[in-house]
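Participant:
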Amino acid sequence: MRGLAGFFGALFTFSRSREAIAVSLSEKMIGRSHSDFEATRKGLVWQRAKPARRPDLIVKPDSVSDVVAALKHARTHGLKVIAKSGGHSIPASFLRDDGMLIDMLGMRDVTVDPENFMATAGPGTWGPSLLHALEPHGLGFPVARGGSVAIGGFLLGGGLGFNPNTWGIACFSVIGADVVTAGGELLTVNAQQHPDIFWAVRGAGPGFFGVVTKYHLRVYPLPGAITTSQYIHPLDEHPRVAAALEQLVPNSDHRLELILLLTGNPDTQAVAAGAPEQVCLVNAVAYGSDEEEARALLEPVANSALGHDPLARKEYEPTNLKILTGETGESFPHGRMATEGVWSNSIAPIIATLSERMRQAVTPVTTVSIRFMGNTRLPGKAAFSLIGSTNILSVLTWQDATDDDKVAGWLRDTMSALEPFSLGHYINNEDVVSYPERNQGSFTPDSWTRLRALRKQYDPDNLFHDYFGV
Ligand SMILES: Cc1cc2nc3c(=O)[nH]c(=O)nc-3n(C[C@H](O)[C@H](O)[C@H](O)COP(=O)(O)OP(=O)(O)OC[C@H]3O[C@@H](n4cnc5c(N)ncnc54)[C@H](O)[C@@H]3O)c2cc1C
């Protein structure tokens, strides 16, 4: 498993010294014939499955002027362009077979304006780094929940982060963005300036027609106490777990976050002694103003059927956002990884369907996460437009490429089984490379139509790569 040291080891390999900032763009470009090209190309992809797709040129800008110069170079040489930030896209949607790939990982400056509850952050900023900059001011932000995910692609595709029923889908906390357009112009977009591009930047995901060089963010006072409880039941008892959640979810306070994982039993010693191998694991996180309030928020969970006779429980444990991001990098097992999911409004039927699929799991590291959204009201107009009260995500990790087909088959059958309950997709979680139709399937029809029209308007010569396969 690769820990934080591994992450930052990779990062330092690509970082630029002060002296290097002064050198010309050509020294920040790596072409196919360069001896480092293959290692660099593979290093862009967070997970271990590295697609064979190869751009002509990889550029690593340090500044906005580098990005503007890179786009000029691309236009002059007839290269199509795509940007990437953290490289966490599971299908590596940014790896294309031709053109220029702009790696924005080096642009990760953060500024905080605590008086006005605002911050700015470069797209290469890791979620935990943003939290680290905000915490001394008593502030937080709904960064990705688990793993060190950069904000670049996370916010562009929506962003399902912490405290979702209070802080909302993260892209609605984007109050502006600096964007370099196909014409090479740097624009600050917000509700007043270039509102069309501002609309698109909040949710367009991997088909956005520009390069985001900075986000302007609304940030929030940290809750006074964040407290968690966890209850584990055998997978076979999923009907009891589902019944408890059917009761809890609609009546729960917006400061409570509930997540159900159908997964392997984390207590491997107990499994060796005969305990069930697969379990329903419920995580409840309370965001209270103080410990007493956080405890009170968790009490309905303890008093529900979830608290009765579980295989294991941990209750009322104090925590914080940095711990919950899995800052150590250990929260996701490393290997080849595939994810897919849907939005739904269903609870018990989904849990029954997915429990059945878990029994047929083809890798030992198969987890289905079901996140319950107590608040599905979107607070404004944005490209991010499709949501349901449950977000379902299958996450499979395996080591050997010979198992790829088996995994793909399991995911295909699982997505078919979910079809009757599906409202659509969440673009950040989808394998949009194998299933390009899931790009469109992540938007309401009106949003998709508007995105297509805006792309024509702002990138008439198709400088930027479109959604994969569209
Ligand atoms: C371990 C792990 C945990 C995750 N946890 C969560 C979670 O809790 N919640 C959640 O919502 N999602 C989560 N995700 C999914 C994640 O949000 C997406 O994979 C997201 O795209 C990652 O952001 P990135 O910056 O790494 O994107 P990248 O992989 O770098 O880029 C993805 C796409 O975004 C576009 N893009 C990226 N940067 C720019 C830019 N600066 N300008 C223009 N276009 C750009 C490109 O088209 C690119 O193809 C997780 C993923 C992983 C691997």
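Counting in the working numbering, the sequence shown runs from 699 upward without gaps. Cβ coordinates follow ideal geometry from the N, Cα and C atoms, glycine included. Model, not experiment: these values are computed from the prediction.
1) Using DSSP bridges, identify the partner residues of P1016.
2) Kindly indicate the opening and closing residues of the beta strand (DSSP E) around Y913.
3) Going along the chain, which unbroken runs of the beta strand (DSSP E) with 3 or more residues stay wholly within the region 785-811?
4) Can you give me the C-alpha to C-alpha distance between E935 and C978, rounded to a whole angstrom?
5) Under 8 Å, with one C-beta from each stretch per pair, do the region 1004-1012 and the region 965-979 reach the 3-pair mark?
6) Classify T1065 as buried or exposed, calling it buried when 16 or more other Cβ atoms lie within 10 Å of its own Cβ.
7) Express the C-alpha separation of G1078 and F870 in angstroms, rounding to a whole number.
8) Please list the terminal residues of the continuous alpha helix (DSSP H) segment that includes I1048.
9) Can you name, in chain order, every residue of its own chain whose Cβ lies under 6 Å from the Cβ of R843, other than the five neighbours on each side?
10) When burial is assigned at 16 or more other CB atoms within 10 Å of the CB, is E1054 buried or exposed?
11) Going by the CB atoms, is the gap between Y913 and T818 shorter than 8 Å?
12) If you measure between the beta carbons of L1121 and N1043, is that distance less than 8 Å?
13) Is DSSP giving F706 helix, strand or coil here?
14) By the three-class DSSP mapping on this structure, what secondary structure does F1166 have?
15) On the DSSP letters alone, give me the boundaries of the beta strand (DSSP E) that R843 sits inside.
16) Can you give the Cα-Cα distance for L803 and S761, rounded to whole angstroms?
17) Please name the residue, chosen from I756, R730, A940, Y1124, that lies closest to S1083 on a Cα-to-Cα basis.
18) Distance check for Q976 and N1127, CA to CA, integer angstroms please.
19) Use the C-beta contact count for D1129: other C-beta atoms within 10 angstroms, 16 or more gives buried, fewer gives exposed.
20) Does the beta-carbon of V847, which I'm using as the reference point, lie nearer than 7 Å to any heavy atom of ligand 1?
21) Within this structure, are the beta carbons of K790 and V743 separated by less than 8 Å?
22) Here's the rule I'm using: 16 or more other beta-carbon atoms within 10 Å means buried, otherwise exposed. How should P1118 be labelled?
23) Cα-Cα, which of A880, P862, G857 is closest to V872?
24) Which one or two residues does DSSP pair with V1063 in a beta bridge?
25) Please give the ranges of any beta strand (DSSP E) in the region 838-896, keeping only runs that are unbroken, at least 3 residues long and fully inside the region.
26) Y1156 and N1137 - do their beta-carbons sit closer together than 8 Å?
27) To which residues of the same chain is N949 closer than 8 Å at the C-beta, ignoring the five residues directly before and after it?
28) Using a Cβ distance threshold of 8 Å, determine whether the region 1092-1109 contacts the region 882-901, with at least three qualifying pairs required.
29) Using only the heavy atoms of ligand 1, determine whether one of them is closer than 7 Å to the beta carbon of N949.
30) For ligand 1, is there a heavy atom less than 7 Å away from the beta-carbon of H892?
31) Taking the alpha-carbon positions, what's the D1170 to L1022 distance?
32) CB-CB under 8 Å to K924, same chain, minus the five flanking residues each way: which ones, in chain order?
33) Can you give me the C-alpha to C-alpha distance between H786 and V847, rounded to a whole angstrom?
Facilitator: This is what the structure gives:
1) Bridge pairing for P1016: T925 [DSSP].
2) Residues 909-916.
3) Those beta strand (DSSP E) runs which fall completely within the region 785-811 and span 3+ residues are 798-801, 808-811.
4) The C-alpha of E935 lies about 8 Å from the C-alpha of C978.
5) Taking 8 Å as the limit for Cβ pairs, the verdict is that the region 965-979 does touch the region 1004-1012.
6) T1065 is buried by the Cβ-count criterion.
7) Across the structure, F870 and G1078 are spaced so that their CA atoms are roughly 7 Å apart.
8) First-last of the alpha helix (DSSP H) with I1048: 1046-1057.
9) Shown here for R843: same chain residues with a beta carbon closer than 6 Å to its own, the five before and five after excluded, namely G859, F860 in chain order.
10) Here E1054 is exposed. Its C-beta has fewer than 16 other C-beta atoms within 10 Å.
11) Yes.
12) Yes, these two residues count as a Cβ contact at 8 Å.
13) For F706, the pLDDT reaches just 28, beneath the cut-off of 50, and the residue's location in the model is therefore unreliable, although a value from the coordinates is still provided. Residue state, collapsed to three classes: helix.
14) Annotated three-state conformation of F1166 is coil, per DSSP.
15) Where R843 is concerned, there is no enclosing beta strand (DSSP E), given that its DSSP letter is neither H nor E.
16) L803 and S761 have their C-alpha atoms roughly 11 Å apart.
17) Of I756, R730, A940, Y1124, the residue nearest in Cα terms is Y1124.
18) It is roughly 23 Å from the alpha-carbon of N1127 to the alpha-carbon of Q976.
19) So D1129 counts as buried.
20) Yes; taking the cut-off as 7 Å, the Cβ of V847 has a heavy atom of ligand 1 nearer than that.
21) A small fix is needed here, since residue 790 is Ala in this sequence, not Lys. Yes, the pair counts as a contact, with Cβ atoms nearer than the cut-off.
22) Counting Cβ neighbours within 10 Å, P1118 comes out exposed, since fewer than 16 surround it.
23) Across the set A880, P862, G857, the C-alpha of G857 shows the shortest separation from the C-alpha of V872.
24) Paired residue(s): T1095.
25) Qualifying beta strand (DSSP E) stretches, in chain order: 872-878, 884-888.
26) No, they are not a contact pair.
27) Same-chain partners within the cutoff: P998.
28) Counting Cβ pairs under 8 Å, fewer than three are found: no touch.
29) No, ligand 1 has no heavy atom inside 7 Å of this Cβ.
30) Incorrect: H892 has no Cβ contact closer than 7 Å to ligand 1.
31) Residue 1170 is absent from the model: the chain starts at 699 and stops at 1168.
32) The sequence as given places Ile at residue 924; Lys does not occur at that position. Correct list, in chain order: V983, A984, Y985, G986, A992, P1016, T1017, N1018, L1019, L1022.
33) H786 and V847 have their C-alpha atoms spaced approximately 7 Å apart.
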